[in-house]
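Note sheet for the following structure.
Residue numbers (this note's numbering): 2 to 156.
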């Protein structure tokens, strides 16, 4: 597999963390725990990590990559649909739908694999080096603004 472009590495690291949580909940150390505890892990991860990741993809990454996709542009629609479904599953989990944890994890895994194996590969192969370099700066700035906004809300 080719090395991931530096502009996408922070997102890939976040994907790794999400995959680790999904694995822990489905087959790892959290798989046999109480449903309420498993739901709390999903809720906390979503609120403190995943929501900003989804916003960055929706508001910055997907629009930046979309112009180079050509016939694969429907991939963005699929991924946005996944985002809506992930949010809906988390909302259900937060209101007692503990039976949704495994399906949330399965969707999260599939979604991440699609981004890593398809979207990111297409972006790296089709975007110009200058576009990828600009993406590094935009992602960093966007993430910093999201964190500042979150800190202001919690203060």
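The C-beta atom is built at its ideal place from N, Cα and C for all residues, glycine as well.
Inset, instruction - Answer with buried or exposed for residue 8, where buried requires no fewer than 16 other C-beta atoms within 10 angstroms of its C-beta. - result: buried
Legend entry - Span separating the alpha-carbon of residue 51 from that of residue 44: 10 Å
Legend entry - Span of the alpha helix (DSSP H), counted from its first residue to its last, around residue 67: Neither: residue 67 is in no alpha helix (DSSP H) and is coded neither H nor E.
Legend entry - Rounded C-alpha distance that separates residue 105 from residue 73: 25 Å
Inset, instruction - Count the CB pairs spanning the segment 65–83 and the segment 20–32 that are closer than 8 Å, and state whether there are at least three. - result: no
Inset, instruction - Express the C-alpha separation of residue 37 and residue 71 in angstroms, rounding to a whole number. - result: 44 Å
Inset, instruction - Give a yes or no on whether 9 Å exceeds the smallest Cβ distance from residue 16 to chain C. - result: The structure shown contains no chain C; it holds only a single protein chain.
Legend entry - residue 114, DSSP secondary structure in three states: helix
Inset, instruction - Specify the secondary structure class of residue 44 as computed by DSSP and reduced to three states. - result: helix
Inset, instruction - Closer than 7 Å by C-beta to residue 93: which residues in its own chain qualify, once you throw out the five before and the five after it? Chain order, please. - result: 101
Legend entry - Under the three-state DSSP convention, the category residue 128 falls into: coil
Legend entry - Start and end residues, alpha helix (DSSP H) containing residue 19: 10–27
Inset, instruction - State yes or no: is the C-beta of residue 5 within less than 9 Å of the C-beta of residue 55? - result: no
Legend entry - Alpha-carbon to alpha-carbon, residue 33 and residue 68: 44 Å
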